[in-house]
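K.L.:
The opening position of the sequence shown corresponds to residue 7 in the numbering used here, with each subsequent residue numbered one higher. Glycine is no exception: its CB is placed at the ideal position from the N, C-alpha and C atoms. Only a predicted model underlies this, so the values are computations on that prediction, with no experimental measurement involved.
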Amino acid sequence: MLRLFWGEAKVYKDVGKAVQSCLESLGPFLSEDEKPDATRNRDLVLLRDKADLNDPEMTKAIMRYFDKTKIESKRVRHCGAALIGFEVDFYPGVGQTGLLDDVVAAAKAELKAWTKSVGAGILKHKLESFTIEFICIPLPSAEGFRTAFLNALGHRK
């Protein structure tokens with residue numbers, strides 16, 4: 007069995023909007039029927055045609071899962087990886103100090119609401135039957151994170 011993970015990342019001010027946008031983008035890659043014009047096929051063509059695992063035998067073995075004439079192609083499970091960043095107000099402000107224990111306690115207190123947003127998104131997009139790994143990142147500022155990330159990549163605003 008090959009578990010093929012499709013990934014999506016969204017950073018929004020609101021956790022609900024981040025979850026919905028992420029699952030809206032990820033959903034088609036997971037739930038589409040196997041057909042020639044499926045959304046995921048354009049990405050699979052790149053993988054099939056350009057994969058190089060630095061081991062010819064390993065590459066050949068993996069490629070069997072993408073050859074529709076091989077039995078292995080029936081043994082692919084599409085899964086999701088969702089990175090969701092969103093703003094929270096429990097971090098100390100710029101120039102302020104805070105206790106780590108207070109931040110941890112506040113995050114734990116909000117975890118139930120984040121989980122509810124994820125569950126609602128899964129139900130809305132009918133993704134209950136798929137394995138999706140969620141990485142939720144509470145941020146002091148979505149825009150601040152975006153700016154810092156682009157700066158780290160050398161794409162200054």
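#1: I think Glu38 touches Arg48, with their Cβ atoms under 8 angstroms apart; what is that distance to the nearest whole Å?
#2: Kindly list the residues whose CB is nearer than 6 angstroms to the CB of His84, restricted to its own chain and excluding five residues on each side of it in sequence; keep chain order.
#3: Okay, do the region 50 to 63 and the region 144 to 153 touch, 3+ Cβ pairs below 8 angstroms being the bar?
#4: Specify the secondary structure class of Val25 as computed by DSSP and reduced to three states.
#5: Could you check the C-alpha separation between Ala15 and Glu63 for me, to the nearest Å?
#6: Does the distance from the CB of Ala231 to the CB of Phe136 come in under 8 angstroms?
#7: To the nearest angstrom, how far is it from the Cα of Tyr168 to the Cα of Glu40?
#8: CB Val25 to CB Ile90, shorter than 8 angstroms?
#9: Short of 7 angstroms in beta carbon distance, which residues of its chain neighbour Thr65, apart from the five on each side in sequence? Order them along the chain.
P.N.:
Taking the coordinates as given:
#1: The sequence position of residue 38 within the sequence shown is 32, counting from 1. The sequence position of residue 48 within the sequence shown is 42, counting from 1. With 8 angstroms as the limit, Glu38 and Arg48 do not qualify as a contact, their Cβ atoms being about 12 angstroms apart.
#2: Along the sequence shown, one-based indexing puts residue 84 at 78. Cβ neighbours of His84 beyond the five flanking positions: Leu10, Leu36.
#3: no
#4: As a position in the sequence shown, residue 25 is number 19, starting the count at 1. DSSP places Val25 in helix when its eight states are reduced to three.
#5: Here residue 15 corresponds to residue number 9 of the sequence shown, with the count starting at 1. Here residue 63 corresponds to residue number 57 of the sequence shown, with the count starting at 1. If I take the Cα positions, the gap works out to 32 angstroms.
#6: Residue 231 falls outside the range modelled here, since the chain spans only 7 to 163, and no answer is possible.
#7: Limits of the chain in this structure are 7 at one end and 163 at the other, which puts residue 168 out of reach.
#8: The sequence position of residue 25 within the sequence shown is 19, counting from 1. The sequence position of residue 90 within the sequence shown is 84, counting from 1. Yes, they are a contact pair.
#9: Position 59 of the sequence shown holds residue 65. Within the same chain, Thr65 has close Cβ partners Ala57, Asp58, Leu59.
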